[in-house]
Every structure is written in C-alpha cells, then in structure tokens.
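One point on numbering: in the UniProt record's numbering, the residue at position 81 of the sequence shown is 81, and numbering is uninterrupted. First the structure, in the form of structure tokens, and then the observations on it.
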Amino acid sequence: MKAWPKDSRWWLLFLRSMSIPAALQTLLSRYSLGVKHLVDPAPDAAALQQMAAATLRAPDHGDLVPFRLAVVQGEARARLADLFANHALARGKDAEGIAMERERALRAPLTVAVVARIDLGHPVVPAHEQWMAVGGAVANFLNAAHALGFAGKMLSGDKARSPQLISAFCAPGETLVGWVVLGTPARPPRGDARKDNSQVLSYW
1 MKAWPKDSRW
11 WLLFLRSMSI
21 PAALQTLLSR
31 YSLGVKHLVD
41 PAPDAAALQQ
51 MAAATLRAPD
61 HGDLVPFRLA
71 VVQGEARARL
81 ADLFANHALA
91 RGKDAEGIAM
101 ERERALRAPL
111 TVAVVARIDL
121 GHPVVPAHEQ
131 WMAVGGAVAN
141 FLNAAHALGF
151 AGKMLSGDKA
161 RSPQLISAFC
171 APGETLVGWV
181 VLGTPARPPR
191 GDARKDNSQV
201 LSYW
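Rendered as structure tokens:
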C-alpha cells in the first residue's frame, strides 16, 4: 500500500482520489423522513460506529465534543415507552393518548437520543459555538445514515423538556436535545424538496 506523502499536500491527493460530485450528490439528495415511513432494517452496530465517526468531523471549536449519543434498543425501548406514557399521563392525556405516546416510542426501528454537554463557563468557546457543534454533529450523523442507505429525522417537542426524560438520559449539566429516529426508507422522497439557495446565500 502506497504511503501518504509527508507534506501538507497529502489531503489534496486524498480529495482528488474521491468522487467529489458523487459525494456532493449524496448530500444534496438527503431528506428527513418521518417515523411512519421507516422500516427495518435499522443501522447495525457497524453502521452506527461509522455514523458516530462522522459526528466527530463536524466543525467543533476547541474540539470540545459537546454532545453524546445514546442508542435506545432492546429492553431500553420498553423503558422509553414507559417514560413517554408517564409524560402523557402527567400532561393529562386520556388512556388513548397515553397508549399513543407509548406506541410512538416503539414505532421507529431505531432511536438515538442526542444529549448536549455545553460548558457555559468555557474561557474561549462561547455557548452558541458549542451549540453549533451539536447541530453540525447531528447533521453529519444523519448525512452518514443517508450515505449508508438509511433515513431518519430529528424529533424533540415537549418530551425533551420532561424532567423524567431528562433525568433518564442526562447527567447533571447536560441537556436533552431530542431523538433521532432511524430506519430504512419505505418510500422515495416526494419530488424535489430543495429550497431556493438565494434564501441563504448572498454576497456582502
């Protein structure tokens, strides 16, 4: 196997060895897909390791890694369903509403909790930059899932602010951001959902 050159140009050679248009097309074709359109199989342990590695390539000032991911599978799915049901009960929902919330926790082939670890007192990296790193990590996680043939969506809502759910997923000082639901897409995207680039790109 040929070794990489020992100068600063090695990364240019690496990039040229890749199919940049194909990689870009993968990014441009990603879309969020709701849980009702996700089926088995979900990402396995090897795929999750690759997706986690992608989160660490997101911009992260100071390399703080202000996030972590908690996979909900096996018996943990039943515990999550209980927590969702208890949250519905605390909010005054009837038996049907409670059952719906319980089922909602079990609907996705795989659920991954996103937990932020923001250091509010960091002397160099302000909180908003740490939050940007969290968002970039989630984006890379979903982009990697898409590149591997899966689909998913980030979900939050009032459950992410539930004291019971926060206590279940977070250590002191952490924030429950929400959950990424993952699986195999049961249908293709409906048309071209791309938005107008002029909404976000301008010249100053």
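Glycine included, each C-beta is placed from N, C-alpha and C at the ideal position.
- DSSP places Pro185 in the uninterrupted beta strand (DSSP E) bounded by Thr175 to Pro185.
- Using a C-beta cut-off of 8 Å, the segment 46-56 makes contact with the segment 134-152, since at least three inter-stretch Cβ pairs fall below that distance.
- Runs of the beta strand (DSSP E) lying entirely within the segment 131-177 and spanning at least 3 residues, in chain order: 151-155.
- In the displayed model, Leu48 falls within a helix according to three-state DSSP.
- Here Arg77 has Ala105, Leu106 and Thr111 as same chain residues with Cβ atoms under 8 Å from its own Cβ, once five neighbours each way along the sequence are excluded.
- The Cβ-Cβ distance between Phe150 and Ala70 does not fall below 8 Å.
- If you compare the alpha carbons of Ile118, Val124, Asn140 and Pro123 with that of Gln130, the shortest gap goes to Ile118.
- In summary, Asn197 is exposed, with fewer than 16 beta-carbon neighbours lying within 10 Å of its beta-carbon over all protein chains present.
- Taken through DSSP and simplified to helix, strand or coil, Ala85 comes out as helix.
- For the options Ser156, Ala22, Ala23 and Ser29, the alpha carbon positioned closest to that of Lys195 is the one of Ser29.
- Going by DSSP, Ala70 is part of the beta strand (DSSP E) stretching over Phe67 to Val72.
- Taking the Cα positions, Thr184 is about 13 Å away from Ala47.
- Collapsing the DSSP output to three states places Val35 in a helix.
- Ala116 carries a strand assignment under DSSP once its states are collapsed to helix, strand and coil.
- Under the three-state reduction of DSSP output, Leu56 falls in the coil class, being neither helix nor strand.
- Boundaries of the alpha helix (DSSP H) harbouring Leu106: Ala95 to Arg107, taken from the DSSP string.
- At a Cβ-Cβ threshold of 8 Å, Lys153 and Val181 count as neighbours.
- Taking all protein chains in view, the Cβ of Val124 is surrounded by fewer than 16 other Cβ atoms within 10 Å, so the residue is classified as exposed.
- Around the beta-carbon of Leu56, fewer than 16 other beta-carbon atoms lie within 10 Å, marking it exposed.
- Around the beta carbon of Glu103, a 10 Å sphere encloses fewer than 16 other beta carbons of the protein chains shown; the residue is thus reported as exposed.
- Take the alpha-carbon of Arg187 and the one of Ser32: they are about 12 Å apart.
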